[in-house]
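Engineer: Let me give you the structure first, and then I'll get to my questions.
There are 4 protein chains.
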Amino acid sequence: MKKKKPNKLKILNDPIYGFIQIPNSLIFDIIEHPYFQRLRRITQMGFSNLVYPGANHTRFHHAIGCMHLMQKAVQVLRFKQVDISEDEENALYIAILLHDIGHGAFSHALEHSIVDGISHEEISLKFMRKLNDEFDKKLSLAITIFEGKNPRKFLYQLISSQLDIDRLDYLKRDSFYTGVTEGNISSDRLIAMMNVINDELVIEQKGIYSVEKFLIARRLMYWQVYLHKTGLVAENMLVKVLKRAKELAEKGEKLFSSTSLNYFLSTKISKTNFNDKTLEMFSKLDDYDVLLSIKEWTHHQDKVLSLLSKMIVNRKLFRIEIQNNKFDKQYISKKTDTISERFGLNKTESSFFVFSDIIINQAYNSNKPIYILNKKGKIEDIVNASDQLNLQALTNPVIKHFICYPK
Amino acid sequence: MKKKKPNKLKILNDPIYGFIQIPNSLIFDIIEHPYFQRLRRITQMGFSNLVYPGANHTRFHHAIGCMHLMQKAVQVLRFKQVDISEDEENALYIAILLHDIGHGAFSHALEHSIVDGISHEEISLKFMRKLNDEFDKKLSLAITIFEGKNPRKFLYQLISSQLDIDRLDYLKRDSFYTGVTEGNISSDRLIAMMNVINDELVIEQKGIYSVEKFLIARRLMYWQVYLHKTGLVAENMLVKVLKRAKELAEKGEKLFSSTSLNYFLSTKISKTNFNDKTLEMFSKLDDYDVLLSIKEWTHHQDKVLSLLSKMIVNRKLFRIEIQNNKFDKQYISKKTDTISERFGLNKTESSFFVFSDIIINQAYNSNKPIYILNKKGKIEDIVNASDQLNLQALTNPVIKHFICYPK
Amino acid sequence: MKKKKPNKLKILNDPIYGFIQIPNSLIFDIIEHPYFQRLRRITQMGFSNLVYPGANHTRFHHAIGCMHLMQKAVQVLRFKQVDISEDEENALYIAILLHDIGHGAFSHALEHSIVDGISHEEISLKFMRKLNDEFDKKLSLAITIFEGKNPRKFLYQLISSQLDIDRLDYLKRDSFYTGVTEGNISSDRLIAMMNVINDELVIEQKGIYSVEKFLIARRLMYWQVYLHKTGLVAENMLVKVLKRAKELAEKGEKLFSSTSLNYFLSTKISKTNFNDKTLEMFSKLDDYDVLLSIKEWTHHQDKVLSLLSKMIVNRKLFRIEIQNNKFDKQYISKKTDTISERFGLNKTESSFFVFSDIIINQAYNSNKPIYILNKKGKIEDIVNASDQLNLQALTNPVIKHFICYPK
Amino acid sequence: MKKKKPNKLKILNDPIYGFIQIPNSLIFDIIEHPYFQRLRRITQMGFSNLVYPGANHTRFHHAIGCMHLMQKAVQVLRFKQVDISEDEENALYIAILLHDIGHGAFSHALEHSIVDGISHEEISLKFMRKLNDEFDKKLSLAITIFEGKNPRKFLYQLISSQLDIDRLDYLKRDSFYTGVTEGNISSDRLIAMMNVINDELVIEQKGIYSVEKFLIARRLMYWQVYLHKTGLVAENMLVKVLKRAKELAEKGEKLFSSTSLNYFLSTKISKTNFNDKTLEMFSKLDDYDVLLSIKEWTHHQDKVLSLLSKMIVNRKLFRIEIQNNKFDKQYISKKTDTISERFGLNKTESSFFVFSDIIINQAYNSNKPIYILNKKGKIEDIVNASDQLNLQALTNPVIKHFICYPK
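Quick mapping for you: the protein sequence lines, in order, are chains R, E, P and F. Take 44 as the starting number for the first sequence in our numbering and just add one per residue. Take 44 as the starting number for the second sequence in our numbering and just add one per residue. Take 44 as the starting number for the third sequence in our numbering and just add one per residue. Take 44 as the starting number for the fourth sequence in our numbering and just add one per residue.
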């Protein structure tokens, strides 16, 4: 009976790719592990579904989708005589499956409030090591690749680079579920044009327009979707409400929360004290802990907490203004005064309702170039290879300033 | 500023239909209401995402999608000279938007555990009446239609019949998000072939094959998706865990839960005592209350509760057997004995782990026929109109028996 | 240089499947052969584009698509431990690529007018044998399979049966290009459920609803698309105009035509005298020969020929009436008289303008059953395996009568 | 009966947009006219189907698709309070339907061989005027708009500008049928963001990324699809074969051709002598005349004509080299010598087999800017409005040189 189990689930449906095949039983078992199953309860795009109601896809599905694209990449590269051993192949699948396993509930919001000072990549690595122990060290090669320590650079570049499998799936998937068809990219074609020269991942010359389009599509997704005003506001309000809750918890105030959320609210977590128990607690924390708590906080006696919570739950979101220059201090303080008076809050409390920050997007990072393999067999940065489009301009980070306050 | 608000949100993205337009500010305000926003936190397909990982779409999106299709239907019917007043049009949009607002968390599971004895349609009606009070009686006509009390039958049939707008959206939507392309139906074509004869909704003759295909697609979706073994098991386990929690709560045992879930666990709700407070509590209950509580119950001292909870959260689901005949009592009691011994449970406790039930699907209900308008201008039941396919057979309900128990 | 050529074209774009890979250079060379390239100039659906303007896809693309699905089928079956040698695999690709190579211009129309008495399958076989000579007998196994002479029945069933790869592609493709989404089938899923038991192609139990849906979709496509009134009329008018042209040519009248069309108009071709020259001429005949000739015939002095030609070119198509019973002789002769008088034609001439015939469709042929592999490992006809839907009814051929005459 | 006709065809299927509605009977009658029906026999992308086998869509379907998008544009603009009268609306539909009616067989190829010196726009205008006479001057306003003579500039800009309805359909359609998904644009979104300020067509601020993506997608389609090596070679070979045929015809040599092709081969057509008869002949000339003639010319005694024809029909296309600089004269003459010797051709004859030319693409033309309506209500050229992407670079035409010769 036991043996048959993997078979049953060997194939998963994906609205985007059709069928996804689970290649072997080790991978099947990793997917079945509670650590990985947790990803079913973390949405890929956080509060973006407040703007794009179709965007409820999970990190689970994204990770599975990445594994599928990785299978295609391996197939294409082998077809082009790139030598990839069975162990390396397997390690690629594991590494891409687990690359985001360290993401917290509502992804980035959590990183900026309750688990500060440690990146999700570092947490992913902790999970991988834990799993490696459980699975008889079968994840060792995957970990080496994930850490960028394997001499064959392209293995790492498939996992993490400006044209990695992660991006090829998430841009396609996010575009699909939001309905923003303009962000759609041709993952298939980009993969079909991959090659490896001196252990470096490259794109063949004829793929140059596809890469350009990929960069432009990604840029569009950033400004139109990921940094969409409404989603941005909601995410910032989430950060604020969690910060407030943490303040209250640290002061010893009672507030509704699940066991694991409570752990993170009442404990200061830093790189140095992130231990096994922290990992275990982290592995139980997902969107449900956060959102239900916020729902309950709507009744809390702390005005800041309850007000913010109500606004989030009932989607009465702050107004946001965005501009290229920094907001004038006077403007901010005038806003703060108004709010302070309107809601009867003191200065500190008001800072949860009126705040200013920046958003940054760099469309292309020339430190880790996307390489084009030209017809003469040489490789060059896409920025130089492109015949006309001034991609150099995309390397300048775009910075915008915003201010939020209640409507 | 106030005035501009509706404008901003006039258009919603839908991966299926492209853009959905919100027709006016009354409808916009209904959508903004917390009662309706709650639907963002209730998935359309409950635990089906354990089988089809893409199926995380919400009742919110389904309701919005229905409104969109209703706009198309009104357009088509008016084009065919069917008289529909502006008030009726608006009422249709409101009625279809709110038709499912009474659905509880995880939809059907809740109806069979903690809010027994009152259907979601009845609760929808309670919500509509409450909203009607809030919105200056502007929902009155919508309510009359929803109750089937309007003399123009087709208005009701667009909301609720065997070929209503509800089904036209959910079959298409569920097929889309699960990736089960075979369940895809051509809502557009079916709507394009709608007409009204003597206030009765009919499908024009040339649409006969489309209706047949619609019935077959729906039947396929039932057996392949809605009643998929794994989803079925998970839903039944959910019912059991909630029943156990209710038992414990009624006995006065402490157990983690949100305010509103706690209300329903500790109160016996019947048709007669479902009052305003109940409605308010219900309006705050969604998937997050249920799932987070289950996560917490994994640590509860009650063995039944914690065991079931762990199995659900970590996706260690029961085995299920399905057959055409009733399961033998002896077979069931043998299974119960095994489980009882294996987990150290008494008889009553074991009944949460080994249980048998039936599933029923009737592909076509001849009491509320789908009418075909034939070339001679007469209307007849699709069962008689179809030239060959024996649709009569589809009127017999298919009943299957199943038994569940831990693997 | 020679060696590199195959590489260049190894991948073809398909709007339906994405990328299609050409597996090896033998297959590449067969595709490059003028016999196969001719299929680029023959539309898959003949005059259906007069109803569905998107339906301009060619037999070339269909054949390539079939090869792609066959690659998937081989992969699935091998995954299930079905032994398929490399030679058999290759033969399957060749056989499916060439299964329709004997189709004439405008497909079926030609078979009923100028190349009577020999089926397109027989002509396909002639082409295969000719190619076999050119390609050093490398097509021998493919031919054996195509003829149904290979002992492993499933190889033949993949090429020709009620659930063959041919149908899996053409239903999907025709539905895609016409925009009749209801005819869409899930080729992927059906292939994923294929298996082989005792050399017999079977579908696994859980695929039963997919097969049902496939049969219903096919039936819908027949009545809604393939036998659509307008397409039917156009095709019949095409048969008539070609018959008239042949009559005139046989009488020695001069009329515009290409070399190869002229050959078929002026020569009586039967099974016995279909020789190498006939094949050569046939290999040069495509939609372009036929349609341009009809365009020129609009100026011909023969009234029947020019009138019919004008009506076709300018899309002034006949009216068609369809009913379940035979048309009354008197009704037909009355129509004939009217037309005869209106256009000044004698009796014989009028028969090109008023004619009656039948259309038949059998949705399921129980002589070559689709086998379902049930859970007990036994195989049974889908008609018996289906739990409810009365598929037996689908075995009765539906016959309809029609009459055509100018509007 | 007459009245009912339009009804029958009121709705057309489109794989891209679903259903397309024909708005009224005047438009229906224009579509039914033989001039317009001719577009059914002219493919949109000429010989691109030799590279992308799915690209067999016709100018007929493109024109119908444009009309559909124009309906959406009118709806959007009116929703934004832009005043468009019913007459203007109708004129827009007619103008966009007929904007390409002057395209010859295989589109551009013909313009460069047998109907030199007169653009397809000029011929379109001739057709419109002829139709205007036939339809009681009901096309007058459409013609004024098409000629750019209407004072309301945006009407013309919808028909012809850098973001006109024509491009919104053809980029989407060509991308769809070729399967080059990267060229897909979001016509819906772009239209949703259209507005009119001072009779000027503008795109609202938030659409800026969509416009950028549109420009990049178009650029990609040019280099990857429209100027794809293989398609380019085939089109150039077509130009050559037609030029040769014209030479022979002018010398009085007999060669197979249809009546209308013969007219153009044997007559020198210039702007001054393009009369009513020319128009009538042109209205009968389509892809079928050209391709069938080439098929027949494979047997012609003129070596150049027959050799080129065979190469085209059997897809034995020339090799092409592309580079940024002009090809060296010596290189060309060396190639010519080789070919001359290999095929036994004299110098003049060889020039049909070895030739060099340029291709140009300008991604953005700053003389007719795309205007963005910024938040302050001012309009500015997208080149200035874009925050980062250096669109200025796109205004420089890219010029590439190519040389072709037999493999």
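From the three backbone atoms N, C-alpha and C, an ideal C-beta is built for every residue, glycine too.
Please classify V158 of chain E: does DSSP put it in a helix, a strand, or coil?
Structural biologist: As a working note, residue 158 of chain E is residue 115 in the second sequence. In the three-state reduction of the DSSP assignment, V158 of chain E falls in the coil class, being assigned neither a helical nor a strand state.
Engineer: Considering only residues of the same chain and omitting the five flanking positions on each side of D57 of chain F, which have a CB-CB separation below 8 Å?
Structural biologist: Position 14 of the fourth sequence, counted from the first residue, corresponds to residue 57 of chain F. The answer, listed in chain order, is I63, H104, I107, G108, H111.
Engineer: Residues of the segment 346-359 of chain F with a CB closer than 8 Å to any CB of chain P: list them in chain order, please.
Structural biologist: V356, N357, R358
Engineer: Could you tell me which residues DSSP pairs with Q366 of chain E in its beta bridges?
Structural biologist: Start at 1 with the first residue of the second sequence, and residue 366 of chain E comes out as number 323. E:H444.
Engineer: Can you tell me whether K51 of chain F is buried or exposed? The criterion is at least 16 other CB atoms within 10 Å of its CB, across all chains shown.
Structural biologist: Here residue 51 of chain F corresponds to residue number 8 of the fourth sequence, with the count starting at 1. Since pLDDT at K51 of chain F reaches only 44, below the 50 mark, its modelled position is unreliable, and the value read off the structure follows with that caveat. Exposed, because fewer than 16 other Cβ atoms sit within 10 Å of the Cβ of K51 of chain F.
Engineer: Return the chain-ordered ranges of every alpha helix (DSSP H) run that is complete within the segment 149-235 of chain E and spans a minimum of 4 residues.
Structural biologist: 151-154, 163-177, 183-189, 196-202, 208-221, 230-235
Engineer: Starting from N410 of chain E and walking both ways along the alpha helix (DSSP H), at which residues does that stretch end?
Structural biologist: What you label residue 410 of chain E is simply residue 367 of the second sequence in a count that begins at 1. Segment: none, N410 of chain E is in no alpha helix (DSSP H) and carries neither H nor E.
Engineer: Would you say N50 of chain E lies against chain F (beta-carbon separation less than 7 Å)?
Structural biologist: Numbered from its first residue, the second sequence carries residue 50 of chain E at position 7. Because the pLDDT of N50 of chain E is 46, which lies under 50, any placement of that residue in the model is unreliable, and the number read from its coordinates should be weighed accordingly. Closer than 7 Å to the CB of N50 of chain E there is not a single CB belonging to chain F.
Engineer: Consult DSSP for K123 of chain R and reduce its assignment to one of helix, strand or coil.
Structural biologist: Numbered from 1 along the first sequence, position 80 holds the residue referred to as residue 123 of chain R. Looking at K123 of chain R - three-state DSSP - the assignment turns out to be coil, as it is neither helix nor strand.
Engineer: Mapping the DSSP letters down to three states, classify M44 of chain E as helix, strand or coil.
Structural biologist: By 1-based counting over the second sequence, the position of residue 44 of chain E is 1. Unreliable placement is indicated for M44 of chain E, whose pLDDT of 30 sits below 50; no coordinate value is reported for it.
Engineer: When the cut-off is 7 Å and only beta carbons count, does D231 of chain R lie next to chain P?
Structural biologist: The residue given as residue 231 of chain R occupies position 188 in the first sequence. Yes, D231 of chain R lies at the interface with chain P (some Cβ there is under 7 Å from its Cβ).
Engineer: Where does L298 of chain P fall in DSSP's three states?
Structural biologist: Here residue 298 of chain P refers to the residue found at position 255 when the third sequence is read from its first residue. Three-state DSSP puts L298 of chain P in coil, outside helix and strand.
Engineer: Anything in the segment 51-69 of chain P with a Cβ closer than 8 Å to a Cβ of chain R? List those residues in chain order, please.
Structural biologist: I54, G61, F62
Engineer: From the beta carbon of K256 of chain E, is the nearest beta carbon of chain P less than 7 Å away?
Structural biologist: Taking the first residue of the second sequence as position 1, residue 256 of chain E is located at position 213. Yes, K256 of chain E counts as interfacial toward chain P.
Engineer: Answer yes or no: does any C-beta atom of chain E fall closer than 7 Å to that of H111 of chain R?
Structural biologist: For the purposes of this step, residue 111 of chain R is identified with residue 68 of the first sequence, where counting begins at 1. No - not a single Cβ of chain E is within 7 Å of the one on H111 of chain R.
Engineer: List, in order along the chain, the chain P residues whose C-beta lies closer than 8 Å to that of L298 of chain F?
Structural biologist: Position 255 of the fourth sequence, counted from the start, is the residue given in the question as residue 298 of chain F. Near L298 of chain F there are no residues of chain P at all, since even the closest Cβ is about 13 Å away, more than 8 Å.
Engineer: Among residues of its own chain, excluding the 5 on either side of K16 of chain E, which ones have a beta-carbon nearer than 8 Å to its beta-carbon?
Structural biologist: What the structure shows of chain E is the stretch from 44 to 450, and residue 16 of chain E is not part of that stretch, so it cannot be assessed.
Engineer: May I have the straight-line CA-CA distance separating M237 of chain R from L275 of chain P, to the nearest angstrom?
Structural biologist: Taking the first sequence and counting its residues from 1, one reaches residue 237 of chain R at position 194. Taking the third sequence and counting its residues from 1, one reaches residue 275 of chain P at position 232. Spanning the two alpha carbons is a distance of roughly 48 Å.
Engineer: Should the segment 328-342 of chain E be called in touch with the segment 248-268 of chain E, which here means at least 3 C-beta pairs below 8 Å?
Structural biologist: Inter-segment contact for the segment 328-342 of chain E and the segment 248-268 of chain E is absent: fewer than three beta-carbon pairs are separated by less than 8 Å.
Engineer: Using beta carbons (cut-off 7 Å, strictly below), is F103 of chain P in contact with chain F?
Structural biologist: Along the third sequence, one-based indexing puts residue 103 of chain P at 60. With a threshold of 7 Å between beta carbons, F103 of chain P makes contact with chain F.
Engineer: Does DSSP put I240 of chain F in a helix, in a strand, or in coil?
Structural biologist: One-based indexing of the fourth sequence puts residue 240 of chain F at position 197. In this structure, I240 of chain F counts as strand in the three-state DSSP scheme.
Engineer: Check each candidate in E:D72, E:R216, E:G97, E:S218 and name the one with the smallest Cα separation from K181 of chain E.
Structural biologist: What you label residue 181 of chain E is simply residue 138 of the second sequence in a count that begins at 1. The option with the nearest alpha carbon to K181 of chain E is E:D72.
Engineer: Over what stretch of residues does the beta strand (DSSP E) that includes D130 of chain F continue unbroken?
Structural biologist: By 1-based counting over the fourth sequence, the position of residue 130 of chain F is 87. Element bounds for D130 of chain F: not the beta strand (DSSP E) but the alpha helix (DSSP H), 129-141.
Engineer: On the three-state DSSP scale, how would you describe S396 of chain F?
Structural biologist: One-based indexing of the fourth sequence puts residue 396 of chain F at position 353. Correcting the residue identity first, residue 396 of chain F is Phe in this sequence and not Ser. Three-state result, F396 of chain F: coil.
Engineer: With DSSP run on the structure shown, which of helix, strand or coil describes V245 of chain P?
Structural biologist: Against the third sequence, residue 245 of chain P aligns to sequence position 202. V245 of chain P falls in the strand class under three-state DSSP.
Engineer: Y131 of chain F and L211 of chain F look like a contact to me (Cβ under 8 Å); what is the Cβ gap, rounded to whole Å?
Structural biologist: Here residue 131 of chain F refers to the residue found at position 88 of the fourth sequence. Here residue 211 of chain F refers to the residue found at position 168 of the fourth sequence. Per the sequence presented here, residue 131 of chain F reads as Glu, with Tyr not at that position. Actually they do not touch by this definition, with Cβ atoms about 19 Å apart.
Engineer: Tell me the DSSP bridge mates of D424 of chain F?
Structural biologist: Taking the fourth sequence and counting its residues from 1, the one referred to as residue 424 of chain F is at position 381. F:Y414.
Engineer: Out of curiosity, what's the CA-to-CA distance linking K115 of chain E and I127 of chain P?
Structural biologist: As a position in the second sequence, residue 115 of chain E is number 72, starting the count at 1. As a position in the third sequence, residue 127 of chain P is number 84, starting the count at 1. The C-alpha of I127 of chain P is placed about 51 Å away from the C-alpha of K115 of chain E.
Engineer: Shorter than 7 Å from the beta carbon of E278 of chain E to some beta carbon of chain P?
Structural biologist: Within the second sequence, numbered from 1, the residue matching residue 278 of chain E stands at position 235. Answer no: the Cβ-Cβ gap between E278 of chain E and chain P never drops below 7 Å.
Engineer: Going by beta-carbon coordinates alone, are S399 of chain R and F370 of chain R separated by less than 7 Å?
Structural biologist: Reading the first sequence from its first residue, position 356 is the one you call residue 399 of chain R. Reading the first sequence from its first residue, position 327 is the one you call residue 370 of chain R. Yes, these two residues count as a Cβ contact at 7 Å.
Engineer: Would the segment 86-104 of chain R count as touching the segment 213-230 of chain R if we require 3 or more Cβ pairs under 8 Å?
Structural biologist: yes
Engineer: Would you say L140 of chain F reaches chain P, if we count a Cβ-Cβ gap shorter than 7 Å as a contact?
Structural biologist: Locating residue 140 of chain F in the fourth sequence gives position 97, where the first residue counts as 1. Closer than 7 Å: no.
Engineer: Identify the contact partners of A235 of chain R in chain P, using a Cβ-Cβ distance below 8 Å as the criterion.
Structural biologist: The residue labelled residue 235 of chain R in the question sits at position 192 within the first sequence. Residues of chain P passing the Cβ test: I54, F62.
Engineer: Within the same chain, show all residues whose beta-carbon is closer than 6 Å to that of S301 of chain P, passing over the 5 residues directly before and after it, in chain order.
Structural biologist: The residue labelled residue 301 of chain P in the question sits at position 258 within the third sequence. Excluding sequence neighbours, S301 of chain P sits near D332.
Engineer: Could you tell me which residues DSSP puts in a beta bridge with G61 of chain F?
Structural biologist: In the fourth sequence, counting from the first residue as 1, residue 61 of chain F sits at position 18. DSSP lists F:D57 as partners of G61 of chain F.
Engineer: Looking only at DSSP bridge pairs, what is T101 of chain R linked to?
Structural biologist: One-based indexing of the first sequence puts residue 101 of chain R at position 58. Looking at the DSSP assignment, T101 of chain R forms a beta bridge with R:T86.
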